[in-house]
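Residues are numbered in this note's numbering as their position in the sequence shown, beginning at 1, plus a constant of 191.
Don't be surprised by glycine CBs; every beta carbon is placed ideally from N, CA and C.
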Amino acid sequence: MNILTILYSTGINIFYILGSCVFAVAVVNLMILLTYVKRAKRREEELEEKILLRTEELITVINELNLSQKTLQQQADFQKKMIAAIVHGIKSPLKYLALTGRQLYNRNDLSGKVREVANGVYTSSQHLYVFTDNLLQYVKVYLRESKPVPAYFFLHALVQEKLAVFQDIATEKKSVLNNHIHPNMQLFADERLLSIIIHNLVDNAVKFTSGGAITISAFMENDLTYIAVQDTGIGINDEMVEQLYYGEEISSGLGITIVRQLLELINGKLEIRSREGEGTVAIISLPIQNMVSVR
């Protein structure tokens, strides 16, 4: 007698038992599923709480950074505007002082000593006036009040104008200024910015040269235009040259920094070659669109 016969003889319904078993299994599975869902939901809620907390912390940090950036920008803008205002304010007095010194020097009724002093006043104040004007133009560029405006101009004339500013100082130091650029050479660039660049390079050359020569030349090579400011001054060692490339000044004020930053605006580069006791050559390179041509 098999199990089915026994169950049937005792009056137990086999389908009822099977149904009860299936139901029990389903209930157990449902309970397991509900427990899993409940745990998953709890983990999700905990994760959401952590994400919300981290998000709030991140928002706080971002707001603090934005506030710091805004404060720093305001300070930088204020400093730039203050520099521009100060530089602009002293231009006129310097120009007046230079003109007064020149007028005194031209007077024949004054003694030689007084005229010599007057000429010194003129030379110094005129040099400072040009430097101040260059600094003002530089600040305006970085305040974005003006943008580079390229145009054709005669490079020889620009260089001659710069050399005239330093002529008296060079004479006092028994140095010679040479302009070896062809009179008909033309350059397509922002003349104002290039004037500041050349001014600073010549300033450094004159400053560190006594009883020597400062020579400016221009040439073209490998689809690039080069302007070289060469001196026979004291020169600097390789370590100092490397410092200049990394933005450090060597007893030369803001000169090289200004040169590098302005060259970036006209897509130019600066190379410095120097040997102690032999002199220095600063070479400006400009892309082909700034090509020098002889007409």
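Quick one: is residue i buried, meaning 16 or more other Cβ sit within 10 Å of its Cβ, or exposed?
i	result
Leu376	It is Met, not Leu, that sits at residue 376 in the sequence shown. Buried is the call here.
Ile447	buried
Val483	For Val483, the predicted model reports a pLDDT of 47, less than 50, meaning its position is unreliable; a value from the coordinates is still stated below. By the 10 Å Cβ count, Val483 comes out buried.
Arg464	exposed
Asp268	exposed
Asp300	exposed
Phe214	exposed
Leu392	buried
Leu263	exposed
Leu346	buried
Val216	exposed
Ala231	exposed
Ser366	buried
Val252	exposed
Val219	exposed
Going straight from the alpha carbon of residue i to that of residue j, what length do you get?
i	j	result
Ser442	Val312	At Ser442 the pLDDT is 47, less than 50, meaning the model places this residue with poor confidence; the figure from the coordinates comes in the next sentence. One C-alpha to the other measures close to 24 Å.
Gln351	Ser259	47 Å
Arg233	Asn254	31 Å
Asn461	Ile388	In the sequence as presented, Asn is not what sits at residue 461; that position holds Leu. Answer to the nearest angstrom: the Cα atoms are 10 Å apart.
Val332	Leu456	9 Å
Asn325	Leu453	11 Å
Glu307	Ile360	13 Å
Gly444	Ala348	Note that Gly444 scores a pLDDT of 48, beneath 50, so its modelled location is shaky and nothing firm can be said.
Leu256	Ile474	41 Å
Gln266	Leu415	39 Å
Gly402	His318	20 Å
Phe399	Lys304	27 Å
Leu378	Leu477	10 Å
Glu235	Lys241	10 Å
Glu247	Lys261	21 Å
Tyr227	Ile250	34 Å
So what does residue i bridge to, in DSSP terms?
i	result
Ser476	Tyr417, Lys460
Asn369	Thr406
Gly470	Arg466
Gly343	The sequence shown places Tyr at residue 343, rather than the Gly named in the question. Paired residues: Phe379.
Glu412	Leu415
Asp422	Ile405, Thr471
Does the beta carbon of residue i sit closer than 8 Å to a beta carbon anywhere in chain E?
i	result
Ile389	Note that chain E does not occur in the displayed structure, where there is just one protein chain.
Who are the Cβ neighbours of residue i in its own chain at under 8 Å, not counting the five residues just before and after it?
i	result
Phe322	His390, Asp394
Leu384	Gln328, Val332, Pro339, Leu453, Leu456, Ile457
Ser386	Asn325, Leu349, Glu352, Lys353
Lys364	Val397, Thr400, Ser401, Gly402
Spatial neighbours of residue i within its chain, please: C-beta separation below 7 Å, excluding the five flanking residues on both sides.
i	result
Leu285	Ser316, Leu319, Tyr320, Thr323
Ala289	Tyr313, Ser316, Gln317, Tyr320
Gly426	Ser465, Arg466, Glu467, Gly468, Glu469, Gly470, Thr471
Thr423	Thr400, Gly403, Ala404, Gly470
Val450	Ile388, Asn391, Leu392, Leu461
Pro341	Phe379, Ala380, Asp381
In chain order, what residues of the same chain have a beta carbon less than 6 Å from the beta carbon of residue i, not counting five sequence neighbours either side?
i	result
Tyr343	Gln377, Phe379
Gln421	Thr406, Val472
Ala419	Ser408, Val472, Ile474
- [ ] Count the C-beta pairs between the region 399-412 and the region 358-371 that are closer than 8 Å, then say yes if the count reaches three, no if not.
- [x] yes
Open item on the list: Closer than 8 Å is the cut-off here; do at least three beta carbon pairs connect the region 417-431 with the region 313-326?
Closed with: no
Open item on the list: I'd like to know if the region 287-296 and the region 340-359 are in contact, where contact means that at least 3 CB-CB pairs between them fall below 8 Å.
Closed with: no
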